[in-house]
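Chemist:
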Amino acid sequence: MTAVLALVIGLLGADPAALAAWGRTPGDRVALADALARAALPRLSTAVLTEVLVIERAQPAQVSRALDRYPLSLRGEPPIDRVLAALAEAPTAGLNESRIALRGFLVGQALLVTGEPTAALRQLGRVPPGSPAYAPARYLMGVARITPPLSDLKAAATHFREAIIEAESSAQAPRRVVGQARRLALLGLARLSFEVGNNEVALYYDRQLPRRAPERVEANFEAAWAHLLRGDLPRALGAVHGARSPDEPHPDQAELHLVAGAALMGLCQYERGRWELDALQSRYLAHLEAVEQAALAVSEGANPRKLLGAAGGLPEAVRDALRADPRVASALADEAALTDELSRVEAIATDRGVDLSLVTARGVTLLAREGARVTAAVGHTVTDMATNWRRLSDARDELLVDLLEAEGSALETAIEGRREGAAEAAGDAQQAIALGEDWQRWEVDATWWPDELGDYRSTLPARCGEARP
Numbered sequence: 063m064t065a066v067l068a069l070v071i072g073l074l075g076a077d078p079a080a081l082a083a084w085g086r087t088p089g090d091r092v093a094l095a096d097a098l099a100r101a102a103l104p105r106l107s108t109a110v111l112t113e114v115l116v117i118e119r120a121q122p123a124q125v126s127r128a129l130d131r132y133p134l135s136l137r138g139e140p141p142i143d144r145v146l147a148a149l150a151e152a153p154t155a156g157l158n159e160s161r162i163a164l165r166g167f168l169v170g171q172a173l174l175v176t177g178e179p180t181a182a183l184r185q186l187g188r189v190p191p192g193s194p195a196y197a198p199a200r201y202l203m204g205v206a207r208i209t210p211p212l213s214d215l216k217a218a219a220t221h222f223r224e225a226i227i228e229a230e231s232s233a234q235a236p237r238r239v240v241g242q243a244r245r246l247a248l249l250g251l252a253r254l255s256f257e258v259g260n261n262e263v264a265l266y267y268d269r270q271l272p273r274r275a276p277e278r279v280e281a282n283f284e285a286a287w288a289h290l291l292r293g294d295l296p297r298a299l300g301a302v303h304g305a306r307s308p309d310e311p312h313p314d315q316a317e318l319h320l321v322a323g324a325a326l327m328g329l330c331q332y333e334r335g336r337w338e339l340d341a342l343q344s345r346y347l348a349h350l351e352a353v354e355q356a357a358l359a360v361s362e363g364a365n366p367r368k369l370l371g372a373a374g375g376l377p378e379a380v381r382d383a384l385r386a387d388p389r390v391a392s393a394l395a396d397e398a399a400l401t402d403e404l405s406r407v408e409a410i411a412t413d414r415g416v417d418l419s420l421v422t423a424r425g426v427t428l429l430a431r432e433g434a435r436v437t438a439a440v441g442h443t444v445t446d447m448a449t450n451w452r453r454l455s456d457a458r459d460e461l462l463v464d465l466l467e468a469e470g471s472a473l474e475t476a477i478e479g480r481r482e483g484a485a486e487a488a489g490d491a492q493q494a495i496a497l498g499e500d501w502q503r504w505e506v507d508a509t510w511w512p513d514e515l516g517d518y519r520s521t522l523p524a525r526c527g528e529a530r531p
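Every number in our numbering is 62 more than the matching position in the sequence shown, counting from 1.
#1: Counting pairs of beta carbons, one from the stretch 291 to 302 and one from the stretch 357 to 370, are three or more of them closer than 8 Å?
#2: If we ignore side chains and look at the alpha-carbon of each, how far apart do P532 and I226 end up?
#3: Applying the criterion that 16 or more other CB atoms from any shown protein chain within 10 Å of the CB defines a buried residue, is V542 buried or exposed?
#4: Measure the C-alpha to C-alpha separation of V240 and C526 and round it to an integer number of angstroms.
#5: Determine, using beta-carbon pairs with one atom in the stretch 246 to 258 and one in the stretch 200 to 217, whether at least three such pairs fall under 8 Å.
#6: Between R165 and L129, is the Cβ-Cβ spacing less than 8 Å?
#7: List the endpoints of the continuous alpha helix (DSSP H) containing S255.
#8: Ignore the nearest five residues each way along the sequence and tell me which others in A103's own chain have a CB closer than 7 Å to its CB.
#9: Between the Cα of L318 and those of R458, T427, R131 and A218, spot the shortest distance and give me the residue it belongs to.
#10: Curious, which full-length alpha helix (DSSP H) runs of at least 4 residues does the stretch 335 to 414 contain?
#11: Would you tell me roughly how many angstroms separate the C-alpha atoms of V110 and T154, rounded to the nearest one?
#12: Tell me the rounded alpha-carbon separation between L212 and H221.
#13: Just the C-alpha distance for P179 and L215, rounded to the nearest angstrom, thanks.
#14: State the Cα-Cα distance for the pair S520 and F283, rounded to the nearest angstrom.
#15: For V353, I'd like the list of residues in its chain whose CB is within less than 8 Å of its CB, leaving aside the five on either flank, ordered along the chain.
#16: If you draw a straight line from the alpha carbon of G304 to that of A399, how long is it in whole angstroms?
#17: Taking its Cβ as the centre, do 16 or more other Cβ atoms sit within 10 Å of R91, making it buried, or is it exposed?
#18: May I ask you to report which of helix, strand or coil DSSP gives N260?
#19: Reducing DSSP to helix, strand and coil, say where D294 ends up.
#20: Within 10 Å of its beta-carbon, does T412 have 16 or more other beta-carbons around it, so buried, or fewer, so exposed?
#21: When burial is assigned at 16 or more other CB atoms within 10 Å of the CB, is N261 buried or exposed?
#22: Cβ of L157 within 8 Å of Cβ of L202?
#23: What first and last residue would you give for the alpha helix (DSSP H) that runs through A199?
#24: Tell me which residues share the same chain as L370 and place their Cβ nearer than 7 Å to its Cβ, disregarding the 5 neighbours each side in the sequence.
#25: Residue ranges of each alpha helix (DSSP H) run of no fewer than 4 residues wholly in the stretch 282 to 332, ordered along the chain?
#26: Sort E310, R119, A348 and P194 by Cα distance to A147 and report the nearest one.
#27: Return the CA-CA distance between A372 and D268, expressed in angstroms with no decimal places.
#28: M327 and D456 - do their beta-carbons sit closer together than 8 Å?
#29: Which term fits R334, buried or exposed, when burial requires 16 or more other beta carbons within 10 angstroms of its beta carbon?
#30: Could you give the first and the last residue of the continuous alpha helix (DSSP H) run that contains R161?
#31: Look at the alpha carbon of Y332 and the alpha carbon of E224, and state the distance between them as a whole number of angstroms.
#32: Quick test of your reading: E362 and D396, contact by CB under 8 Å. State the CB separation rounded to the nearest angstrom.
#33: How would you label S344, buried or exposed, when you count the other beta carbons within 10 angstroms and need 16 or more for buried?
#34: Between which residues of its own chain and R161 is the CB-CB distance below 8 Å, once the five residues before and five after are set aside?
#35: If you measure between the beta carbons of G323 and E310, is that distance less than 8 Å?
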C-alpha cells in the first residue's frame, strides 16, 4: 500500500479493497465520478474526485481531469476538506495556471475550515485576478483575516471589498458562486462595521444585499440591532418584523424578543415591551437551566445527537431552537441529502441489476462522517446557547428594572392629575394585554412580502410623556 493511499484510508476511512475495485487506473475513478454526476449524485461524485486529487497527486493529467470536474463552491464539506488539506505542499508541475488557481482555492478553503487560517491565506493568495475562483478566494481571505489568531479587521475589510469589486466586474466566473461571494462579502463588511460601532455603515452594506438573497434574513437581524443602537426605534422594530417572516424566520428568535422589547420600551410602549420580555422568558429562558445542564453533560462526554430527540430531555422549544441553528441545520440538511443519494444508488442497482455495493460502501462511510458532523454541531450549539441565553437573561433583568422605573414614573404623573388621560391609557393597555399569549405582532403598516424584507418601519407612535395608569 502506498503512503498516499494509506493517507486517504486514514482520512476518509476507506476500505482498501473498495478503493482497488473502483479502478486500478486513474481514468476508472474519473469515469466513476462522471457516472455518479450524471446520475445526479453530486456528493458521491465529489468524494471520488477528491480521491483522484490525493491519490494521483503526482499525475498532472489525472489531477487536471479531476479539477476540470470539481465543483466550485463556498460550502466546504468537512470529510473532503480534511483530505484536500493534505494537498497543501503537493507539486504543481504540469498544471496550467487556471488549474493551479482552482487547486489553491480548494486547498485554502480546506485549510480554513480545518482551523489553519495562516496556511489558508498562503494558498488562497495564489489565486490570480481574472480567475473564476478569485472573488470567492478574496472573500475567504477576509474570513481568514478575522479568524484568531490573526484577527486583522482592516485587512479583512480590504479582502471583502476586493471580492465585491471582482464579482461585479467578472464575466467568466460562475455567476452562482460569484454572486454568493459578493453577498457574503457585503454581509462581512456590515458585520465588521457593526463590530467597530459604525452602525450607519453597517446598515449601508446590509441594504446592498438583494432583497431575495438568502443572506437577507441574517441582515435583517443585524439591522435590527444597528437601528436600535443608533436610536431609530421604528426601523429597529421593522427589521425585527422582517426577521420574523414565517417563510424565512431568523434562527435566533429569542434575541429578537430582547431587541423588540428594548425598542418598544424606548417608544414608551410599555405593555408591548413587557409582552416581548415575558415571551422571551416563557418560550426560552424558562428552559435555561435545562440548556445549561445539557451543555454540562456534553462537556462531560454525553452524546449531543440525543438532544435533538425527546429522549434527550430538552423541551420542544429548545430542540426547535437547536435545529434552527445554521450549523445544525446545515449538517442535518447535508446528512439528509447524502442519505437520499444512497437511496437512489440502491434503486439504480436494483433497477439495472448491477452491483453498486462498493459505491454504497463509500456512501455509508461518508454518511457516518456527516452524522459525526451533526453531533459536533449540536454539541457546539448547545454550549453556545447556554452562554447566550444566560446573557439574554441578564439583559432582560436589566430591561425589567428600567421598565419598572418607567412605569413608576408614569404612575406618578398620572396621580398628579392627568386622570382622564390615564384612564384612556389604561383602556389601551388592557386591550393590548387581552390579546393573549398567541399575540406576536404589533401594528405595522406592512405584511411579509419576499421582495420587501428588511424595508419595514413600525407605525407605532412614541407614547413618552403620556399619562399612564
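For every residue, glycine included, the Cβ atom is placed at its ideal position computed from N, Cα and C.
Remember, it's a predicted structure, so these values are computed and weren't measured experimentally.
Modeler: Here's the rundown:
#1: no
#2: Within the shown structure, residues of the chain are numbered from 63 to 531, placing residue 532 beyond reach of any answer.
#3: Shown here, the chain extends from 63 to 531; a query on residue 542 therefore has no answer.
#4: As a first step, residue 240 is located in the sequence shown; it is residue number 178 there, counting from the start. As a first step, residue 526 is located in the sequence shown; it is residue number 464 there, counting from the start. V240 and C526: Cα-Cα distance of roughly 48 Å.
#5: yes
#6: Reading the sequence shown from its first residue, position 103 is the one you call residue 165. Reading the sequence shown from its first residue, position 67 is the one you call residue 129. Contact flag set, yes.
#7: Taking the first residue of the sequence shown as position 1, residue 255 is located at position 193. Looking at the DSSP string, the run of the alpha helix (DSSP H) that includes S255 is R237 to E257.
#8: Counted from its first residue, the sequence shown places residue 103 at position 41. Note on identity: in this sequence residue 103 is Leu, with Ala being the wrong assignment. Cβ within range, chain order: E403, R406 and V407.
#9: Working through the sequence shown from its first residue, we reach residue 318 at position 256. Closest option to L318, Cα to Cα, is R458.
#10: 350 to 361, 378 to 386 and 388 to 414
#11: Stepping through the sequence shown from its first residue, residue 110 is reached at position 48. Stepping through the sequence shown from its first residue, residue 154 is reached at position 92. Going from the Cα of V110 to the Cα of T154 covers about 20 Å.
#12: One-based indexing of the sequence shown puts residue 212 at position 150. One-based indexing of the sequence shown puts residue 221 at position 159. Approximately 14 Å between the Cα atoms of the pair.
#13: If you number the sequence shown from 1, residue 179 lands on position 117. If you number the sequence shown from 1, residue 215 lands on position 153. P179 and L215: Cα-Cα distance of roughly 14 Å.
#14: Numbered from 1 along the sequence shown, position 458 holds the residue referred to as residue 520. Numbered from 1 along the sequence shown, position 221 holds the residue referred to as residue 283. S520 and F283: Cα-Cα distance of roughly 15 Å.
#15: To locate residue 353, count along the sequence shown from 1; it is residue 291. Within the same chain, V353 has close Cβ partners L376, V380, V444, M447, A448 and W451.
#16: Against the sequence shown, residue 304 aligns to sequence position 242. Against the sequence shown, residue 399 aligns to sequence position 337. Distance between the alpha carbons of G304 and A399 is about 29 Å.
#17: Taking the first residue of the sequence shown as 1, we reach residue 91 at position 29. By the 10 Å Cβ count, R91 comes out buried.
#18: Counting from one through the sequence shown, the residue named residue 260 turns up at place 198. The answer is coil: DSSP assigns N260 none of H, G, I, E or B.
#19: By one-based count along the sequence shown, residue 294 stands at place 232. If DSSP states are grouped into helix, strand and coil, D294 belongs with coil.
#20: On the sequence shown, residue 412 is found 350 positions in, with the first residue counted as 1. Flag for T412 reads exposed.
#21: In the sequence shown, the residue the question calls residue 261 occupies position 199. Label assigned to N261: buried.
#22: Taking the first residue of the sequence shown as position 1, residue 157 is located at position 95. Taking the first residue of the sequence shown as position 1, residue 202 is located at position 140. Taking 8 Å as the Cβ cut-off, L157 and L202 do not qualify as a contacting pair.
#23: Counting from one through the sequence shown, the residue named residue 199 turns up at place 137. That run of the alpha helix (DSSP H) goes Y196 to I208.
#24: The count along the sequence shown starts at 1 and reaches residue 370 at position 308. Only R381, L384, R385 and V440 meet the Cβ criterion.
#25: 295 to 305 and 315 to 328
#26: Taking the first residue of the sequence shown as 1, we reach residue 147 at position 85. That would be R119, whose Cα lies nearest to the Cα of A147.
#27: Position 310 of the sequence shown, counted from the first residue, corresponds to residue 372. Position 206 of the sequence shown, counted from the first residue, corresponds to residue 268. Each residue's Cα considered, the two are about 38 Å apart.
#28: Here residue 456 is taken as the residue at index 394 of the sequence shown, counted from 1. Here residue 327 is taken as the residue at index 265 of the sequence shown, counted from 1. Going by C-beta atoms, D456 is not nearer than 8 Å to M327.
#29: For the purposes of this step, residue 334 is taken as the residue at position 272 of the sequence shown. With 16 or more other Cβ atoms within 10 Å, it is buried.
#30: For this step, residue 161 is matched to residue 99 along the sequence shown. Its alpha helix (DSSP H) spans residues E159 to V175.
#31: For the purposes of this step, residue 332 is taken as residue 270 along the sequence shown, with counting starting at 1. For the purposes of this step, residue 224 is taken as residue 162 along the sequence shown, with counting starting at 1. Near 46 Å, if we compare the C-alpha coordinates of E224 and Y332.
#32: As a working mapping, residue 362 is identified with position 300 in the sequence shown. As a working mapping, residue 396 is identified with position 334 in the sequence shown. Their Cβ separation, rounded to whole angstroms, is 28 Å, which puts E362 and D396 out of contact at 8 Å.
#33: On the sequence shown, residue 344 is found 282 positions in, with the first residue counted as 1. Exposed: under 16 other Cβ atoms inside 10 Å.
#34: Here residue 161 refers to the residue found at position 99 when the sequence shown is read from its first residue. Once the five neighbours on either side are set aside, the close Cβ partners of R161 are V125, S126, L129 and D130.
#35: If you number the sequence shown from 1, residue 323 lands on position 261. If you number the sequence shown from 1, residue 310 lands on position 248. No, the Cβ-Cβ distance between G323 and E310 is not below 8 Å.
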